[in-house]
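Here's the structure, in structure tokens; my notes come after.
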Amino acid sequence: MSRSVNRLPEEWFEPRTYDITDDRVAWQSVHAGSSISWGLIERVEETRFAFLLWQKGGLPAWDLPLEAMTEAQREELREFVRRRSAPPPASQPAPQGDKPATQPGTGSLRPPAPGER
Numbered sequence: 126m127s128r129s130v131n132r133l134p135e136e137w138f139e140p141r142t143y144d145i146t147d148d149r150v151a152w153q154s155v156h157a158g159s160s161i162s163w164g165l166i167e168r169v170e171e172t173r174f175a176f177l178l179w180q181k182g183g184l185p186a187w188d189l190p191l192e193a194m195t196e197a198q199r200e201e202l203r204e205f206v207r208r209r210s211a212p213p214p215a216s217q218p219a220p221q222g223d224k225p226a227t228q229p230g231t232g233s234l235r236p237p238a239p240g241e242r
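In our numbering, the protein residues as written are 126 to 242.
As structure tokens, then:
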């Protein structure tokens, strides 16, 4: 059996910024951007690495990486989701001492200032 390894383009790993409003979630990098209406989100799940915004109809999930957020930002997002029509996130706390790895395709919100984590 032979296998091939495809490398992702460098642009895949560029930092992203996110804009979360009452109407939509959008991301932007230097080379690309996209947005999705909250009306297309079926559910929101919080994992060890990210908030996952699951699209209706079995389409792929959007990820909002936890690594780039402070705990205050995470709580603000949890509260925002609670206020939305989408069900609140189901938390899955990370085991003690387990540090999330950087995941391909995730970007950054505003990085925490020193001492914010």
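We treat Cβ as the ideally placed atom computed from N, Cα and C, and that holds for glycine.
Chain-order list of residues whose beta-carbon lies under 7 Å from that of residue 165 (same chain, five-residue window excluded): The beta carbon of residue 165 sits closer than 7 Å to those of 180, 181, all from its chain and outside the five residues before and after it, given in chain order.
Endpoints, alpha helix (DSSP H) assigned at residue 171: Careful: residue 171 lies outside any alpha helix (DSSP H), inside the beta strand (DSSP E) at 166–171.
Close-in-space but distant-in-sequence residues of the same chain around residue 205 (CB under 8 Å, 5 per side omitted): Closer than 8 Å at the Cβ level, and outside the excluded window around residue 205, lie 145.
Identified DSSP bridge partners for residue 142: In the DSSP output, where bridge partners are listed per residue, residue 142 has 153.
Buried versus exposed, by CB contacts within 10 Å (16 or more), residue 185: The residue in question, residue 185, is exposed, as its Cβ has fewer than 16 Cβ neighbours within 10 Å.
DSSP three-state assignment for residue 176, whether helix, strand or coil: Looking at residue 176 - three-state DSSP - the assignment turns out to be strand.
Whether residue 150 touches residue 160 by CB criterion (9 Å): Cβ atoms of residue 150 and residue 160: closer than 9 Å.
Short Cβ contact (9 Å threshold) for residue 163 with residue 147: Taking the C-beta atoms as reference points, residue 147 is found nearer than 9 Å to residue 163.
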